[in-house]
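Structure first, then comments.
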Amino acid sequence: MQYKKVKNGVQMINYISTRDDSIRISSAEAVLNGLAADGGLYVPEDLEALKLDYKEVIAKDYRGMAKMIFNKFFPDYGEERIDAIVERSYENKFTAPEITPVAKVADGFVMELYHGPTCAFKDVALSALPNLMTVARDMTGFTDEILILTATSGDTGSAALHGFSDVPGTSIIVFYPDGGVSETQKLQMVTQSGKNTCVCAVKGNFDDAQSGVKKLFTEIPQPAEGVSLSSANSINIGRLVPQIVYYFAAYKALLESGEIELGDKVNFTVPTGNFGDIMAGYFALKMGLPIEKLICASNKNDVLTEFLATGHYDKRRTFFKTTSPSMDILVSSNLERLLYYVCGLENNKKYMKALAECGEYQISAEELAAIQEVFVGVACDDEKGAEAIGKVYAEDKYLMDTHTAIAWCAFEEFRASDDPAAGLPNVTLSTASPYKFTRAVIDALGETEEVADEDNMKKLEAVTGVPVTGPLADIFSKEICHKDVIECADMKAYVIGKASK
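Per our numbering, the very first residue in the sequence shown carries number 4; after that it's consecutive.
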């Protein structure tokens with residue numbers, strides 16, 4: 004369907020696939036579909052249409068910022084619906100009044116994105132996506148039950164399960180890599196009691212689970228009569244857009260604290276796996292926020308670091324299990340959105356075909372130079388991350404989780420470089436509570452680990468005096484509701500079976 008550019012005085016935006024720009028749909032349809040039928044990701048066709056005056060945005064509180072940004076990306080919803088969606092999404096959901104507070108740590112800044120119901124940054128987006136999706140369902144006259152199909156490297160699963168739990172007209176299946184998440188992350192998922200929720204471990208790593216899910220969207224978009232698939236991963240534009248808001252919120256916080264002046268440029272360092280969180284920063288930049296560099300922090304699975312340095316993407320490498328499991332990813336789906344904007348439709352199609360058939364691709368020197376104007380890749384291993392946790396706590400009494408620690412290392416390494424932007428103010432995105440990874444955090448502090456995660460949680464609180472993050476306090480006493488474990492090859496049959504019920 005071709006949407007009008009202006010409707011009732013509001014500029015509309017077409018959404019197209021990163022692999023086919025011949026079909027243009029509304030934002031509501033893009034949110035409902037999740038993934039395009041050709042395997043591409045939906046993107047706004049015209050980035051220029053997203054531009055706004057960032058000074059007007061940061062004059063608002065968090066909800067006000069969200070409303071302005073949502074209205075830009077989802078204009079067909081209308082302001083009245085967007086206002087209601089934002090209020091429902093963020094009312095009484097977060098323990099911090101700012102939603103995403105910023106702390107000054109040493110000579111940097113940390114934005115805490117873990118004050119939501121599952122103690123991870125995914126809560127910011129997955130508090131909004133169910134509301135965006137159910138409203139889109141009504142807007143489009145969609146009558147099928149929406150089956151949310153999601154692969155998780157740890158945090159998306161619990162946040163999605165919480166967000167969609169008992170939401171009318173929806174059900175959700177979350178696949179996670181067996182043995183590839185922390186015990187606390189697993190418990191947050193398998194104890195979910197919503198009647199419309201299902202959790203299943205997959206024998207393999209996150210890439211196996213994610214590839215399996217993406218295949219199902221093209222193979223069985225309707226796995227049963229009256230049931231259609233959609234996604235809660237950041238491949239869904241409705242998951243990614245809410246993450247843009249906290250980049251503006253971070254800039255506002257630095258401005259209000261007197262750390263910067265209006266118009267000053269800042270850097271953001273983002274622990275990165277699937278490239279969604281940092282892609283939200285790219286959208287913020289394109290909307291007009293004064294961002295100089297986006298520092299892409301990777302762990303030992305440094306496929307993105309190599310790509311950002313050389314333009315060569317190669318997933319045919321050893322997969323490492325690390326203490327930052329949400330970043331243990333070799334196929335970063337959202338990178339395709341960046342490739343579409345920088346390299347164009349035809350080149351992106353060529354690169355995605357090469358990745359699928361050969362496991363690698365190489366972009367041109369000109370394309371790489373364009374990406375490097377904004378993005379910097381830095382990799383840090385478990386040992387460096389542990390050193391950062393210990394050092395920052397010893398010197399500043401600030402406790403970080405393993406993913407934040409990787410990003411902090413990347414920030415420090417970039418700051419010590421000769422890049423002209425190295426001395427700019429930097430905001431490190433803290434993506435999870437340290438209490439989701441107690442075993443690794445205790446070890447980093449030089450303490451002896453306990454056998455059970457529950458005991459490690461108690462010990463970490465006793466050693467540091469930092470209270471256990473509220474929603475995690477009773478996780479070990481909850482009943483386990485989901486026990487399924489399957490082979491990757493059985494995912495299709497599993498989904499069809501669940502959908503048929």
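Note that CB positions come from ideal geometry on N, CA and C, so glycine has one too.
Let me check understanding here. Comparing Cα to Cα, which of the options lies closest to residue i?
i      : options                        : result
Ala522 : Ser329, Arg320, Thr321         : Look at the range of the chain in this structure, 4 to 504, and you will see that residue 522 is not part of it.
Val205 : Thr194, Gln225, Val184         : Val184
Ala410 : Glu94, Ile298, Gly362, Thr472  : Ile298
Asp56  : Ser156, His406, Pro293         : Pro293
Gly291 : Val269, Ala312, Asn302, Gly276 : Val269
Thr173 : Val454, Leu341, Leu135         : Leu135
Asp158 : Met142, Lys189, Thr143, Val138 : Lys189
Thr467 : Val444, Phe378, Ile28, Ala235  : Val444
Thr325 : Glu453, Arg319, Ala382, Gly266 : Ala382
Phe145 : Ser233, Cys203, Glu416         : Ser233
Asp509 : Lys125, Asp126, Val138, Lys54  : Nothing about residue 509 can be reported from this structure: the residues present for the chain run from 4 to 504 only.
Phe417 : Val127, Val345, Gly111, Ala372 : Gly111
Glu94  : Gly119, Asn208, Gly81, Asn236  : Gly119
Tyr438 : Cys412, Pro474, Asp126         : Pro474
Glu415 : Ala465, Ala435, Lys394, Ala40  : Lys394
Val379 : Met282, Leu258, Leu265, Phe73  : Met282
Gly207 : Ala128, Phe322, Val306, Lys255 : Phe322
Asp24  : Leu348, Thr194, Asn304, Ala359 : Leu348
Glu295 : Ala128, Cys484, Phe271         : Phe271
Ala455 : Gly449, Ala408, Leu463         : Leu463
Lys75  : Asp86, Gly67, Lys54            : Lys54
Ser237 : Glu376, Gly388, Val127         : Val127
Find out if the Cβ-Cβ distance for the pair residue i, residue j is shorter than 8 Å.
i      : j      : result
Ile16  : Ile26  : no
Ser327 : Val113 : no
Ile88  : Ala131 : yes
Met192 : Val170 : no
Leu164 : Gly197 : yes
Leu38  : Phe167 : no
Ala106 : Glu115 : yes
Leu427 : Ile374 : no
Asp331 : Phe209 : yes
Ser231 : Asp147 : yes
Glu222 : Lys501 : no
Asp446 : Glu453 : no
Leu358 : Ser335 : no
Thr143 : Glu48  : no
Ala408 : Ala391 : yes
Tyr396 : Leu448 : yes
Arg66  : Glu82  : no
May I ask you to list the residues that DSSP assigns as paired with residue i?
i      : result
Leu44  : According to DSSP, which records beta bridges pairwise, Leu44 is partnered with nothing at all.
Ser231 : Ile149
Ser301 : Ala382
Asn429 : Asn270
Ile19  : Val46
Val113 : Ala106, Thr431
Gln365 : His315
Glu404 : First, the amino acid is wrong: residue 404 is Asp here, not Glu. Answer is none; Asp404 lacks a bridge partner.
Asp487 : Cys203
Ala154 : Phe178
Ala123 : Ala435
Quick one: measure Cβ to Cβ for residue i and residue j, integer angstroms, because I've assumed they're closer than 8 Å.
i      : j      : result
Val498 : Pro226 : 5 Å
Gly284 : Glu370 : Going by Cβ atoms, the distance from Gly284 to Glu370 rounds to 19 Å, so no, they are not a contact pair.
Ala123 : Ala162 : 6 Å
Ala252 : Thr103 : 5 Å
Met71  : Lys58  : The Cβ separation is near 12 Å, so there is no contact.
Thr431 : Tyr117 : Rounded, the Cβ-Cβ distance is 13 Å, inconsistent with contact.
Gln213 : Ala154 : 4 Å
Thr21  : Val60  : That pair is no contact at about 27 Å.
Val248 : Ala424 : About 24 Å separates the two Cβ atoms, so there is no contact after all.
Thr187 : Ile478 : 6 Å
Lys140 : Ile149 : At residue 140 the sequence reads Arg, which differs from the Lys that was named. Yes, Arg140 and Ile149 are in contact; Cβ-Cβ is about 7 Å, under 8 Å.
Tyr354 : Leu341 : Not really, about 11 Å apart at Cβ, beyond 8 Å.
Ser436 : Asp385 : Actually they do not touch by this definition, with Cβ atoms about 19 Å apart.
Glu457 : Thr194 : That pair is no contact at about 13 Å.
Lys400 : Gly362 : Not really, about 45 Å apart at Cβ, beyond 8 Å.
Counting only runs of 3+ residues fully inside the segment 21 to 72, write out the beta strand (DSSP E) ranges in chain order.
23 to 28, 45 to 47
Just to confirm the assignment: which complete alpha helix (DSSP H) runs, minimum length 4, are found wholly within the segment 271 to 337?
279 to 290, 306 to 313
Could you pull out every unbroken alpha helix (DSSP H) segment of at least 4 residues lying fully inside the segment 167 to 240, listed in chain order?
186 to 193, 209 to 222
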